[in-house]
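Student: Provided herewith is a single structure, encoded as structure tokens, for subsequent inquiry.
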Amino acid sequence: MDISGKSIVITGGASGIGAALARQAAKAGAKVCIADLNREAAQAIAEQIGGIAVACDVTRERDIIAAIEAAEIAHGPVDIFVSNAGLGRGDPSHAASAPDSDWLLNWNVHVMAHVWAARALLPAMITRGSGHFVNVASAAGLLNQIGDTAYSATKHAAVSFAESLLISHGHEGIGVSVVCPQYVATPLLGLSDGDAQGNLLTAGDVAKSVWQGVADNTFVILPHPDVAKYSALRGADPTRWIKGMQMLRAKALSETGSISVAGFYKLV
Ligand SMILES: NC(=O)c1ccc[n+]([C@@H]2O[C@H](COP(=O)([O-])OP(=O)(O)OC[C@H]3O[C@@H](n4cnc5c(N)ncnc54)[C@H](O)[C@@H]3O)[C@@H](O)[C@H]2O)c1
């Protein structure tokens, strides 16, 4: 889909990858609505790019519906909905140690928010025969994030939901792209653009891959091409792949003394 002139909602657009997506979309001529928990930061970016901002907690279906309504009043029917908001809390001590409240938060932000956006938009998009969902998952949704079980499990669910969306509605003019980056220098990892090097991309690099993927109607967008290789290895020999991940975990422990999610980009 060509994004010029399109009405686009971006959740989590006040920071990191979402903010880069918003900036690049506006530059390409799209009409952007930034929906974020952080209203002030969302407003600041909206002012810079000539878009609108709405306060939105994606763990509440009514907030997602309200963001869509605000975008439609300002910019017309939503052509592209980018479910990008995300968080990472890590495992406090072992793989099942995160409290239920963290599991529920991961589930609502990484999965239900995508479901609620589709539920609100699909009927009108199907009637128009056009619409695109960009669901930002993670390489953890194809592989695994050592040290954050709830993140990995819910990102896998996000990839699965995106598959179901496209299998069920592709023939009705609905496009779906699921974005699976590895490490990106954003506040999620306590990093910023200046930290990016090698395999650690900037949010702008990721946004560029995303909008190219949307233009090409690509289903799985991999800003880090190596993820395709790891994913193929995992599919071909899951037992061997787990052994490799166990070795990576052991390496992290021996080199840093702890499992820090933000430290893995230095090891892979
Ligand atoms: N940074 C990485 O290495 C990386 C890698 C793979 C995938 N991702 C995914 O990319 C997406 C964007 O992450 P980022 O790195 O730009 O992070 P970020 O922390 O820079 O930005 C996340 C944004 O989401 C917003 N947000 C969080 N919870 C929300 C909620 N309940 N409702 C509305 N907004 C909410 C935050 O306010 C923030 O503006 C996430 O889904 C993340 O899982 C990030």
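When we follow my numbering, the leftmost residue of the sequence shown carries the number -14, and every step to the right adds one.
Cβ atoms here follow ideal geometry from the backbone N, Cα and C, with glycine treated the same way.
None of these values were measured; they are calculated from a predicted model.
Using the beta-carbon count (16 or more within 10 Å), is L252 buried or exposed?
Tutor: Position 267 of the sequence shown, counted from the first residue, corresponds to residue 252. If you draw a 10 Å sphere on the C-beta of L252, you find fewer than 16 other C-beta atoms in it, and that means exposed.
Student: Can you check which of these residues, L218, L186, H95, S162, is closest to N202 by C-alpha distance?
Tutor: Locating residue 202 in the sequence shown gives position 217, where the first residue counts as 1. Among L218, L186, H95, S162, the Cα nearest to that of N202 is on S162.
Student: In chain order, what residues of the same chain lie with their CB nearer than 6 Å to the CB of S(-11), ignoring the 5 residues before and after it?
Tutor: Within the sequence shown, numbered from 1, the residue matching residue -11 stands at position 4. Once the five neighbours on either side are set aside, the close Cβ partners of S(-11) are A13, G14.
Student: In angstroms with no decimal places, state the Cα-to-Cα distance between N93 and L72.
Tutor: Residue mapping note: residue 93 aligns to position 108 of the sequence shown, counting from 1. Residue mapping note: residue 72 aligns to position 87 of the sequence shown, counting from 1. Roughly 11 Å separates the two Cα atoms.
Student: Would you mind working out which of S239, V205, A102 sits nearest A122, comparing C-alpha positions?
Tutor: As a working mapping, residue 122 is identified with position 137 in the sequence shown. Taking only the C-alpha atoms, the option nearest A122 is V205.
Student: Considering only residues of the same chain and omitting the five flanking positions on each side of A40, which have a CB-CB separation below 6 Å?
Tutor: Counted from its first residue, the sequence shown places residue 40 at position 55. The residues are R24.
Student: Once DSSP output is grouped into helix, strand and coil, what is the label at Q167?
Tutor: Locating residue 167 in the sequence shown gives position 182, where the first residue counts as 1. In the structure shown, Q167 sits in coil (DSSP, three-state: anything other than H, G, I, E or B).
Student: Closest to A51 by C-alpha separation, out of R74, G35, D21, would be which residue?
Tutor: Reading the sequence shown from its first residue, position 66 is the one you call residue 51. The option with the nearest alpha carbon to A51 is D21.
Student: Helix, strand or coil, according to DSSP, for T224 in the structure here?
Tutor: Translated into positions along the sequence shown, residue 224 becomes position 239. T224: helix per DSSP, three-state reduction.
Student: With distances taken Cα to Cα, identify the nearest neighbour of G(-2) among L173, H79, L207, I131.
Tutor: Stepping through the sequence shown from its first residue, residue -2 is reached at position 13. When each option's Cα is compared against that of G(-2), the closest is L173.
Student: Closer than 6 Å: is that where the CB of I227 sits relative to any heavy atom of ligand 1?
Tutor: Here residue 227 is taken as the residue at index 242 of the sequence shown, counted from 1. No, the Cβ of I227 stays beyond 6 Å of every heavy atom of ligand 1.
Student: What residues match up with K16 in a beta bridge as DSSP calls it?
Tutor: The sequence position of residue 16 within the sequence shown is 31, counting from 1. Paired residues: S(-8).
Student: State the start and end residues of the unbroken beta strand (DSSP E) segment that holds A40.
Tutor: For the purposes of this step, residue 40 is identified with residue 55 of the sequence shown, where counting begins at 1. It spans 37 to 40 - the beta strand (DSSP E) in which A40 sits, taken as one unbroken run.
Student: Which first and last residues belong to the beta strand (DSSP E) in which H117 is found?
Tutor: Locating residue 117 in the sequence shown gives position 132, counting from the first residue. Run containing H117: 116 to 121, per the beta strand (DSSP E) assignment.
Student: Leaving out five residues on either side along the sequence, give the residues of the same chain with a beta carbon under 6 Å from the beta carbon of A247.
Tutor: Taking the first residue of the sequence shown as 1, we reach residue 247 at position 262. For A247, where only same-chain residues beyond five positions count, the Cβ hits under 6 Å are L174, G175.
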